[in-house]
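J.: Numbering that gives the first Met the number 0 applies: residue 0 is where the sequence shown begins, and numbers increase by one.
No residue lacks a Cβ here, since even glycine has one placed at the ideal position from N, Cα and C.
Just so you know, these numbers come straight off a predicted model, no measurement behind them.
My structure is below; once you've seen it, I'll send some questions.
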Amino acid sequence: MVELSITRRVRRTPFTDRVEAAGVKAYTVYNHMLLPAVFNSVEDDYHHLKSAVQIWDVSCERQVEIRGPDAARLVQMLTPRDLRGLTVGRCFYTPMVDETGGMLNDPVTLKLAEDRFWVSIADSDLLYWAKGLAYGLNMTVDVIEPDVSPLAVQGPKADTLAARVFGEDITSIGFFRFREIEFAGHTHVVARSGYSKQGGYEIYCTDTAAGEPLWDALMEAGKDLDVRAGGPNYIERTEGGLLSYGSDITRENTPHECGLGKFCDTVTAIGCIGRDALLRVAQEGPVRQIRSVEIGEDRVPVCRQEWPVTMGGKKVGQVTSAAWSPDFGTNVGLAMIRERAWDPGTELIVHCPDKPRPLLVREGSFI
Ligand code: THG
C-alpha cells in the first residue's frame, strides 16, 4: 500500500495528538488539514458509530468568518438559498455556486449575529472566492479563517454523552440550531448537526488551547458508553446519501443536479451570483441527477475514480461513491445518472475496475 507523506503543508489540528494516541490508522486530507478516516477498520468503525457514540476531529470543516456591515449581503451573493430565513442561532445547509451555477462548495452556514456568519466549508478554498469578492466589490466586511475547530459527537448515545458533559439542557437544541456554551472557561458553539445520520452534535471549539481538555472530558464521561475516536464514515454516509464535495459534487454540477434544489430559492435569493444561470436551469430542469444506487453481486473495490454506468451499451452516468454495506448486505452507492435512466427501479450496468456489476437506481437513500 502506497503511503501519503505528511509535511507542514498538511495542517495538524488541536486534537491531532489525541487522535494519534487513540490509534488512528488512516487519514485523508481535507481543506489542507488532517481528517481521521479509519481507527479500527472502516467496517468496525461503522458498526460502532451505529451502536454507540464517537468523537470526531472534524477541525478540517474550516470556518470562513464573514463579519461587518456587508456580511449578510456577501453571504447571500454566495448561495442560491434565501437567507432571509436564516435567523441568529440557526444553521442552513447552503449550496454555493459561481456565475455559471457550478457548485463551489456545500457548507453549513451559521448566523452568529446580524453582521456575523460562519461558513463551515467542505473541501474547497471558498475563503479566496469570498475574499476576492469582498475586495473587488469594495465591501465593508472582514473575511477570515478564525481559530475554530469543530469536534463532532455522533451516534445513538450522543445525547447521553453530551448531557453528561454540557448539562441536560443541551438536548433541547433543535436540529440545525446552535447555542453558545461555557466549558472550562471558554465559550464554544454547540450545534445539533453532523455528517452522519446517527444524530449528535458539533462543538465548534473556539480556541486551540481548549481542544485537549474538551476531548478529554468527552472521553472520560463516555467510558461506560464505549465512546471511541471516529470520523465521518464512508459506508454510513454513502448509505445516508450524504454528499461529499470533490467526490459526488464538482464545479461541473449545479445544485439541482446534486439533488440540492430543495436548498435553493433561486427566484427570491436576490443578489446570488449564480442566480441567472440557475433560473435557466430551474426552468428547463436538470438533465442528470445524483441517485442512491444498489450495486449487485460481490464487494466492490474502493471507488478512487468515477465508474462509468451504461444502459444498452451507452453511457448514462457514473458512480462517484460506493462501498459494501454490512447492514444492507449489498453495495451502496451514489451515482450521477442521465434523465433517460434515472427512474427508480431502472437496471443498469456499472463498470467497476475489476468487472461490470448490475446497478439498481433507488428512490432515495438507504438511511
Ligand atoms: N458539518 C459542518 N460543516 C461541514 C459538514 C458538516 N462542512 C463540510 C461538509 N460537512 C459540508 N457538507 C454537508 C453535507 C450534508 C450535511 C451537512 C454538510 C447534512 N445534510 C443533512 C441531510 O442531507 O440529511 C441535512 C440537511 C438539512 O436538512 O438541512 O447534514 O457535516 N459543521
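Note the first and the last residue of the continuous beta strand (DSSP E) segment covering T309.
T.: Residues 306 to 310.
J.: Taking just the CA atoms, how far does H185 sit from V226?
T.: V226 and H185: Cα-Cα distance of roughly 23 Å.
J.: Does the beta-carbon distance from D342 to V331 come in below 8 Å?
T.: No, the pair does not count as a contact, with Cβ atoms beyond the cut-off.
J.: Taking 8 Å as the cut-off, decide whether the C-beta atoms of A322 and P35 are in contact.
T.: No, Cβ-Cβ distance for A322 and P35 is not below 8 Å.
J.: Run the proximity test for D247: is its beta-carbon closer than 7 Å to any non-hydrogen atom belonging to the ligand THG?
T.: Answer for D247: no, Cβ out of range of the ligand THG.
J.: Closest to T309 by CA distance: which of L333, L347, P285 is it?
T.: Of the listed residues, the one whose Cα sits closest to T309 is L347.
J.: So does I120 have its beta carbon nearer than 7 Å to some heavy atom of the ligand THG?
T.: Yes, since a heavy atom of the ligand THG falls inside the 7 Å radius drawn around the Cβ of I120.
J.: Going by beta-carbon coordinates alone, are V63 and V118 separated by less than 8 Å?
T.: Yes.
J.: Taking the CB atoms as reference points, tell me whether C271 and F177 lie closer together than 8 Å.
T.: Against a cut-off of 8 Å, the Cβ pair of F177 and C271 comes out as no contact.
J.: Any heavy atom of the ligand THG closer than 7 Å to the beta-carbon of E201?
T.: Within the cutoff, so yes.
J.: Kindly examine the ligand ZN and report whether one of its heavy atoms sits closer than 7 Å to the Cβ of E296.
T.: This structure lacks the ligand ZN; the ligands present are the ligand THG.
J.: Is it true that the CB of R356 sits closer than 8 Å to the CB of G295?
T.: Contact: yes.
J.: Shortest alpha-carbon distance to N77 belongs to which of I65, F365, Y244, E181?
T.: Before going on, a small fix: residue 77 reads as Leu here, not Asn. The residue with the shortest Cα to Cα distance from L77 is I65.
J.: Counting along the chain, where does the alpha helix (DSSP H) carrying G135 start and finish?
T.: Its alpha helix (DSSP H) spans residues 125 to 135.
J.: Could you say which of G100, D247, T253, D69 lies nearest to Y134 if we only look at CA atoms?
T.: Looking at the Cα atoms, D69 is the closest of the given residues.
J.: Hey, is D353 close to the ligand THG, as in C-beta under 7 Å from one of its heavy atoms?
T.: Not so, every heavy atom of the ligand THG lies at least 7 Å from the Cβ.
J.: Applying the 10 Å Cβ sphere with the 16-neighbour rule, what's the burial state of Q53?
T.: Buried.
J.: Between the Cα of W320 and those of V107, K313, M335, spot the shortest distance and give me the residue it belongs to.
T.: In the sequence as presented, Trp is not what sits at residue 320; that position holds Ser. Minimum Cα distance to S320 is reached at M335.
J.: Measuring straight from C-alpha to C-alpha, what distance separates R274 and P79?
T.: Spanning the two alpha carbons is a distance of roughly 6 Å.
J.: Using only CA atoms, which one of F14, D16, A25 lies nearest to G1?
T.: Looking at the sequence itself, residue 1 is Val, so the reference to Gly does not match. The residue with the shortest Cα to Cα distance from V1 is A25.
J.: Give me the DSSP bridge partner(s) of T27.
T.: In the DSSP output, where bridge partners are listed per residue, T27 has L34.
J.: Does the segment 148 to 163 come within contact of the segment 193 to 202, defined as at least 3 CB pairs closer than 8 Å?
T.: Flag = yes, the segment 148 to 163 and the segment 193 to 202 touch.
J.: Look at the alpha carbon of P149 and the alpha carbon of T237, and state the distance between them as a whole number of angstroms.
T.: Distance between the alpha carbons of P149 and T237 is about 22 Å.
J.: Could you check where the beta strand (DSSP E) with D141 kicks off and where it finishes?
T.: Element bounds for D141: 141 to 143.
J.: Does the segment 236 to 256 come close enough to the segment 87 to 106 that 3 or more CB-CB pairs lie under 8 Å?
T.: Flag = yes, the segment 87 to 106 and the segment 236 to 256 touch.
J.: In this structure, how does DSSP classify V57 when only helix, strand and coil are distinguished?
T.: V57: coil per DSSP, three-state reduction.
J.: Which residue or residues does DSSP assign as beta-bridge partners of A204?
T.: Position check: residue 204 holds Cys in this sequence, whereas Ala was assumed. Paired residue(s): S148.
J.: Does the separation of the CB atoms of Y244 and D97 fall below 8 Å?
T.: Cβ atoms of Y244 and D97: not closer than 8 Å.
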